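Trainee:
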């Protein structure tokens, strides 16, 4: 199969060469598998096929052993699922993110927001219940504005601000 992406193939071949010369044959095998998975994925896109989560996760898995994925990387993928409204894939992406960082309020909040946008209210309740059980609390939103040499700070749902009835 050809994807027409010669730049990627040159970079991939360079990595294979470096790993092979260093004697890391296991990395070479993983990189070859990763390249093949990526080529298949690129071919699907070139054929204007809309891949589901299976080839997407396959590409991620193929490279997962070469690149150390941390919670931030999984959170970035989860955010992309949210932006593109791919909530089913988002649920699958959230699982390894929460395994790596089980107290990450951002992952819980993003997952809850995705469920809410999909009108999966029972799942929203489960997320917030799990957060409560684990004592994970969302920090309030904060913003400020400076005008006429004075700085005004706004905290979400702040009832102590003198003009909170007009703000909220």
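In our numbering, the protein residues as written are 7 to 174. Heads up, the beta-carbon is just placed ideally off N, CA and C, and yes, glycines get one too. Small disclaimer: the values here were computed from a predicted structure and weren't measured.
Going by DSSP, name the residue or residues bridged to residue 152.
Mentor: In DSSP, residue 152 forms a bridge with 157.
Trainee: Look at the alpha carbon of residue 80 and the alpha carbon of residue 47, and state the distance between them as a whole number of angstroms.
Mentor: 19 Å
Trainee: When you compare only the Cα positions, how much space is there between residue 119 and residue 96?
Mentor: 11 Å
Trainee: What does the alpha-carbon distance come out to for the pair residue 152 and residue 123?
Mentor: 34 Å
Trainee: Counting along the chain, where does the alpha helix (DSSP H) carrying residue 139 start and finish?
Mentor: 127–139
Trainee: Find out if the Cβ-Cβ distance for the pair residue 86, residue 106 is shorter than 8 Å.
Mentor: no
Trainee: When the Cα atoms are used, what is the spatial distance from residue 116 to residue 29?
Mentor: 42 Å
Trainee: Taking all protein chains shown into account, decide if residue 158 is buried (16 or more other Cβ within 10 angstroms of its Cβ) or exposed.
Mentor: Per the 10 Å Cβ criterion, exposed.
Trainee: Within the continuous alpha helix (DSSP H) that includes residue 119, where are the two ends?
Mentor: Counting along the chain, the alpha helix (DSSP H) containing residue 119 begins and ends at 111–123.
Trainee: Since residue 163 contacts residue 146 with CB under 8 Å, what's their CB separation in whole angstroms?
Mentor: 7 Å
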